Each structure stands twice: as structure tokens, then as C-alpha cells.
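Report on the following structure.
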Amino acid sequence: NTGYRSAELMYNIGNAYFKLDSVPSAILFYERALLRKPADEDINYNLQIAKTLVVDRFEEIPELFFVRWYNSLALIRSTNSWAKLSLISFVVFLISLSLYFYTSRYKFKVAGFWLALLFFLISFTSLTLSFRNRALVENNTAAIIMSPQVNGKSSPDSSGTDLFVLHEGTKVEIEDEVGEWLEIRLSDGNKGWIPANCLEII
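The working numbering numbers the first residue of the sequence shown as 101 and each following residue consecutively.
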């Protein structure tokens with residue numbers, strides 16, 4: 101529930117920025133909302149509208165279907181919610197395992213075995229989804245360019261060769277950090293260095 105409230109708050113802040121014609125800030129908060137409610141139609145729609153106002157256009161490297169599906173599944177619940185489900189399932193697994201080992205009736209043994217197997221899988225899957233959710237939300241390396249215009253450099257200093265020009269609202273991934281410079285990766289796979297104060301992490 102906290103995740104949903106947080107998503108609604110981020111979404112409303114994004115709407116406020118959009119009404120103020122602050123496109124990069126609107127995109128930033130729509131992206132933050134989307135991390136918490138990836139299937140929300142309103143968030144997706146407003147984000148796509150805001151993106152049409154971004155100058156930069158890059159050909160995106162398509163994400164594997166399985167990876168996209170796995171990430172979406174992990175974001176359905178919060179990190180703590182997945183962890184609680186994992187813990188509860190593990191307790192049921194132990195109870196079912198006890199039923200399998202300590203009952204003498206055959207049908208209870210069979211039921212205990214299959215229930216133990218089922219809840220072990222649920223517990224393990226929930227735990228992995230909890231870690232994945234945390235990686236996506238708390239350890240997120242995606243960022244939005246906030247400066248009107250910035251040059252991507254070949255090295256982490258102002259004397260580096262200009263590789264490309266980015267404009268506000270463009271989404272990038274942070275790859276590395278050297279001092280006050282960040283190495284970023286564009287959606288088309290190209291990399292370059294920009295000052296850290298030119299972007300904000302989602």
C-alpha cells in the first residue's frame with residue numbers, strides 16, 4: 101500500500117511540473133511513479149506525452165521479453181511485501197515438511213510433500229523478487245538529464261572530445277563515476293561522460 105501511495109504522490113508531482121511546463125522534472129517524477137506502479141495506464145500515458153516534448157531521439161536496444169516480464173513482476177509488490185510473503189511461505193513450508201516427516205498416514209505424507217514443495221518455491225521466488233525490487237527501486241541507476249543541453253565527453257573532464265549532445269528530459273543509465281563526472285549509457289548503447297550536476301537519478 102505504501103508503494104501505491106508513493107506512486108500516486110510521484111504522479112501528482114509530475115502532473116504539477118507538467119502544468120508548469122517543466123518537462124524534465126515531470127518526466128523524472130513520472131518515471132519514479134512508474135517504478136512503483138509499472139502497469140498503471142495513466143502514468144504510462146502521461147509519461148509518453150511528456151516524452152514527445154523531448155528533443156533527443158535514440159533507437160532503443162530492445163529488452164528481452166523475459167527480463168521485462170521479470171522486472172514488471174518484481175514491481176507489483178514492494179520489497180518488504182515480497183519479503184513478508186517469503187517468510188510466511190517458509191513457515192508454511194516448515195509446517196508442511198513436519199507433516200510429511202511425522203505423520204504415518206500416506207495421504208497426509210503426500211499432501212505434506214507437495215505442500216512443502218509448493219511453499220518452498222513460493223518462498224524462494226518471493227525472496228528473489230524482493231531483492232530484484234530493491235535493486236530496481238532503491239539501487240536504480242537510471243537518471244534524467246535536467247540541464248537544457250549538455251555535451252557527452254570521451255573522458256571525465258571538460259577537455260574531452262564531444263561525442264554527442266543531450267537535451268533536458270532524456271533518460272540515461274549511469275555506468276561509472278569519477279570525481280564530479282558520470283559515465284552514462286544512452287538507450288542506443290552509446291556511452292559518454294557528463295558532469296554529475298546535469299542529471300538527477302530516478
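Note that CB positions come from ideal geometry on N, CA and C, so glycine has one too. Owing to the predicted nature of the structure, the values given are computational and were not obtained by experimental measurement.
Check, Outcome
"I'd like to know whether the C-beta atoms of TRP281 and ASP257 end up nearer to each other than 9 Å.", "yes"
"Suppose the cutoff is 8 Å on Cβ atoms and the five residues either side in sequence are ignored; what does the same chain contact list for SER172 look like?", "PRO138 and ALA139"
"With a threshold of 7 Å on Cβ separation, who are the neighbours of ALA243 within its own chain once the five nearest residues in sequence on each side are excluded?", "VAL272, ILE274, LEU299, GLU300, ILE301 and ILE302"
"Using DSSP with H/G/I as helix, E/B as strand and the rest coil, what is LEU185?", "helix"
"Kindly indicate the opening and closing residues of the alpha helix (DSSP H) around LYS209.", "206 to 237"
"Quick one: using the 10 Å Cβ neighbour count with 16 as the cut-off for buried, is THR270 buried or exposed?", "buried"
"Under three-state DSSP, which class holds ARG136?", "helix"
"With respect to the beta strand (DSSP E) encompassing VAL305, which residues constitute its N-terminal and C-terminal limits?", "What is shown of the chain runs 101 to 302, which leaves residue 305 out entirely."
"To the nearest angstrom, how far is the alpha carbon of ARG157 from that of VAL167?", "23 Å"
"Once you ignore the five residues that flank SER247 on each side, which residues in its own chain have a CB closer than 7 Å to its CB?", "GLU268 and CYS298"
"Give me the Cβ distance between SER64 and ARG136, rounded to the nearest whole Å; I'm assuming they're in contact under 8 Å.", "In the structure as shown, the chain begins at 101 and stops at 302. Residue 64 is therefore absent and cannot be evaluated."
"At which residues does the beta strand (DSSP E) containing ILE302 begin and terminate?", "Element bounds for ILE302: n/a, residue is neither H nor E."
"Going by DSSP, what residue range makes up the beta strand (DSSP E) through LEU266?", "262 to 267"
"Given a threshold of 16 other Cβ atoms within 10 Å of its Cβ, counted over all protein chains shown, does SER178 qualify as buried or as exposed?", "buried"
"State buried or exposed for ARG132, treating a residue as buried only when at least 16 other CB atoms are found within 10 Å of its CB.", "buried"
"LEU194 to ALA216, Cα distance in whole Å?", "7 Å"
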